[in-house]
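For reference, the structure is listed below as structure tokens.
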Amino acid sequence: MIIVGEKINTSLKGVTEAVRNRDAAFIQQRAIDQAEKGAHFIDVNCGTLVGEEVESLAWLVKTVQMAVKQPCCIDSPDPLALAAGLKAHKGKPLINSITAEEERYQGIIPLVKEYKAGIIALLIDDAHGMSHDAATRIQIGCNLIKRLMQDGVAVEDIYIDPLIQPIGTSTDMGVVALETIQGIKREYPGVHFMCGLSNVSFGLPKRGLLNRTFLALCMMAGLDGAILDPANREMMKMIIATEALLNKDEYCMKYIQAFRSGLLDD
Numbered sequence: 001m002i003i004v005g006e007k008i009n010t011s012l013k014g015v016t017e018a019v020r021n022r023d024a025a026f027i028q029q030r031a032i033d034q035a036e037k038g039a040h041f042i043d044v045n046c047g048t049l050v051g052e053e054v055e056s057l058a059w060l061v062k063t064v065q066m067a068v069k070q071p072c073c074i075d076s077p078d079p080l081a082l083a084a085g086l087k088a089h090k091g092k093p094l095i096n097s098i099t100a101e102e103e104r105y106q107g108i109i110p111l112v113k114e115y116k117a118g119i120i121a122l123l124i125d126d127a128h129g130m131s132h133d134a135a136t137r138i139q140i141g142c143n144l145i146k147r148l149m150q151d152g153v154a155v156e157d158i159y160i161d162p163l164i165q166p167i168g169t170s171t172d173m174g175v176v177a178l179e180t181i182q183g184i185k186r187e188y189p190g191v192h193f194m195c196g197l198s199n200v201s202f203g204l205p206k207r208g209l210l211n212r213t214f215l216a217l218c219m220m221a222g223l224d225g226a227i228l229d230p231a232n233r234e235m236m237k238m239i240i241a242t243e244a245l246l247n248k249d250e251y252c253m254k255y256i257q258a259f260r261s262g263l264l265d266d
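Using full-length UniProt numbering, read the sequence shown as starting at 1 and increasing by one per residue.
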């Protein structure tokens with residue numbers, strides 16, 4: 001599993017103040033904590049800072065990379081903010097995100113190509129918006145992957161987001177996401193899948209239980225990446241166990257090492 005740490009986002013308590021005050025120590029400690037707990041990428045998002053995002057995103061990238069070796073997932077729908085963050089980044093970044101909507105695609109694909117970045121792609125297009133059925137999402141995804149590859153993006157640099165929506169308002173949304181992953185995986189076995197989980201349980205009690213269970217099901221379907229809090233011990237334990245059960249952990253060595261180091265303790 002490719003883990004993207006989600007805790008440097010100005011929608012979260014304390015982060016807005018830290019970014020506005022250029023509190024490097026606060027941001028760097030968050031980056032270090034996530035890296036130590038298993039994050040492969042550190043997400044940086046300051047989209048709530050209207051009018052300040054371009055400068056702030058570049059500062060965030062520089063600040064995080066001074067503290068950890070992990071690359072950033074640079075998270076913004078604004079090409080200008082993305083460009084500032086990418087210019088500041090060292091190494092191979094991940095961009096979140098692109099869609100099949102023409103204006104957004106044309107705004108972001110030049111940056112993907114210039115910086116040879118990985119790209120998270122959302123299954124949204126101009127004709128259907130965010131479709132509620134798996135067949136349409138699969139069609140949008142396959143078309144988007146094909147177009148990205150024609151634009152020179154390697155299939156292994158594409159991370160499809162199957163779009164996770166609440167089961168509390170439409171109980172088939174979990175199944176739709178699973179079928180979407182499976183359908184695209186059949187057509188493009190080399191592509192990655194990346195999602196945020198928390199939407200699936202929105203409005204329901206015991207959200208952590210639903211999120212963990214759903215992630216295990218998604219991993220079975222082919223999901224190999226998630227945007228989450230790596231400090232969530234129950235979630236990380238579940239990921240380690242599921243990888244072992246799905247033959248993603250040779251000789252269960254990662255599982256055994258996690259047990260010996262106490263990561264699986266209650």
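Glycine residues also receive a C-beta, built at the ideal position from the N, C-alpha and C atoms.
- For I119, the secondary structure class from DSSP, reduced to helix, strand or coil, is strand.
- Looking at the backbone, the Cα of M219 and that of A135 are separated by about 20 Å.
- Counting every other CB atom within 10 Å of its CB across the protein chains shown gives E53 a total of 16 or more, marking it as buried.
- By the C-beta density criterion, S261 is exposed, having fewer than 16 other C-beta atoms within 10 angstroms.
- Distance from H128 to V176 at the Cβ level is roughly 13 Å; contact not present, criterion being Cβ atoms closer than 8 Å.
- Comparing alpha carbon positions, the residue from I181, I167, R186 and K185 closest to S198 is I167.
- Per the coordinates, the alpha-carbon of C46 lies some 8 Å from the alpha-carbon of D75.
- Cβ contact annotation for E156 (same chain, cutoff 6 Å, sequence separation greater than five): G190, in chain order.
- Residue environment for V50: exposed (fewer than 16 other C-beta atoms within 10 angstroms of its C-beta).
- The region 198-218 and the region 250-264 do not touch, with fewer than three beta-carbon pairs separated by less than 8 Å.
- Scanning the region 163-234 for uninterrupted beta strand (DSSP E) segments of 3 residues or longer gives 225-228, listed from N- to C-terminal end.
- Between W59 and the set A18, K69, P77 and F41, the nearest pair of CA atoms involves A18.
- By a beta-carbon distance limit of 8 Å, I124 contacts E101. Their separation comes to about 6 Å.
- DSSP, reduced to helix, strand and coil, places L57 within a helical segment of the structure shown.
- In the three-state reduction of the DSSP assignment, I3 falls in the strand class.
- Under the three-state reduction of DSSP output, I98 falls in the strand class.
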